[in-house]
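Asker: What follows is a single structure, and I will ask about it in a moment.
Numbering (the working numbering), first residue to last: 28 to 110.
Now the structure itself:
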């Protein structure tokens, strides 16, 4: 019998623009904080857009939409990210 640890919480990327959070559809979702840290270190270009600094944060969500985005690999398909 194989026991599988189901995903119940997903870290979803958001960008802070003028105090408002906007969900980023072009960045991957993760299950563990360590994955987010590694991704941010391995992909420094995500911290800049048009020469301007971008403030990103991954926020935990357990809603159905977040789990669906994780399972659909939103932000991963067709990207050259180092994961």
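Don't be surprised by glycine CBs; every beta carbon is placed ideally from N, CA and C. Since the structure is predicted, the reported quantities are computational estimates derived from the model, not experimental observations.
Looking only at its chain, what residues have a beta carbon closer than 6 Å to the beta carbon of residue 82, apart from the 5 residues adjacent to it on each side?
Answerer: Correct list, in chain order: 43.
Asker: Buried or exposed: where does residue 95 fall if 16 or more other Cβ atoms within 10 Å of its Cβ makes it buried?
Answerer: Counting Cβ neighbours within 10 Å, residue 95 comes out exposed, since fewer than 16 surround it.
Asker: Is it right to say residue 106 is buried, meaning 16 or more other beta carbons lie within 10 angstroms of its own, or is it exposed?
Answerer: With fewer than 16 Cβ atoms within 10 Å of its Cβ, residue 106 is classed as exposed.
Asker: In this structure, does DSSP put residue 63 in helix, strand or coil?
Answerer: DSSP places residue 63 in helix when its eight states are reduced to three.
Asker: Please classify residue 85 as buried or exposed, where buried requires at least 16 neighbouring CB atoms within 10 angstroms.
Answerer: Counting Cβ neighbours within 10 Å, residue 85 comes out buried, since at least 16 surround it.
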